[in-house]
Amino acid sequence: MGRGIILVNNIVKNIPRFRNIFEEHINFYGELLPHIFFAELTSVIIDLVDGEISGTEDVEMLMDNLEKELSFDDEESRNVIALSFIENLQGQGYLKGMKKLMGPRLRALAMETCGI
């Protein structure tokens with residue numbers, strides 16, 4: 000099992016709100032595809048940040064999970080976080096505002112990935 004899958008499993012275990020996204024993802028694709036899961040997760044994160052649904056503590060918990068994952072210095076999970084989370088936030092105009100919630104490793108990856 001790769002680190003990308005472990006990353007998603009840890010997030011779903013630690014943040015129950017995201018379990019429904021995970022289950023819908025598995026039902027639709029028949030397997031866990033970490034890049035696609037993170038793209039789907041980004042929409043929920045944006046709704047949380049915008050206050051369309053309550054749960055900013057879940058956003059903070061996600062950021063903590065991503066920061067911890069980056070400490071493992073694993074290329075697979077780093078790639079999932081950079082390409083399917085950070086770039087999606089940037090593409091939807093949310094990366095700059097989210098940086099205040101990011102730890103140092105995640106901010107550095109955002110800078111490396113998107114120059115922000």
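Going by numbering that gives the first Met the number 0, the letters in the sequence shown line up with residues 0 to 115, in that order.
Even for Gly, the Cβ is constructed at its ideal location relative to N, Cα and C.
Where the alpha helix (DSSP H) containing residue i begins and where it ends
{"i": "G96", "result": "94-97"}
{"i": "M0", "result": "Premise fails: M0 is in no alpha helix (DSSP H) and is neither H nor E."}
{"i": "L108", "result": "103-113"}
Three-state secondary structure (DSSP) of residue i
{"i": "F71", "result": "coil"}
{"i": "I25", "result": "helix"}
{"i": "Q89", "result": "helix"}
Buried or exposed (CB count within 10 angstroms, at least 16 for buried), residue i
{"i": "P15", "result": "exposed"}
{"i": "R18", "result": "exposed"}
Expected contact under 8 angstroms - CB spacing of residue i and residue j to nearest Å
{"i": "F71", "j": "R2", "result": "7 angstroms"}
{"i": "L47", "j": "G54", "result": "5 angstroms"}
Entirely enclosed beta strand (DSSP E) segments - the stretch 32-69, minimum 3 residues: Correct list: empty.
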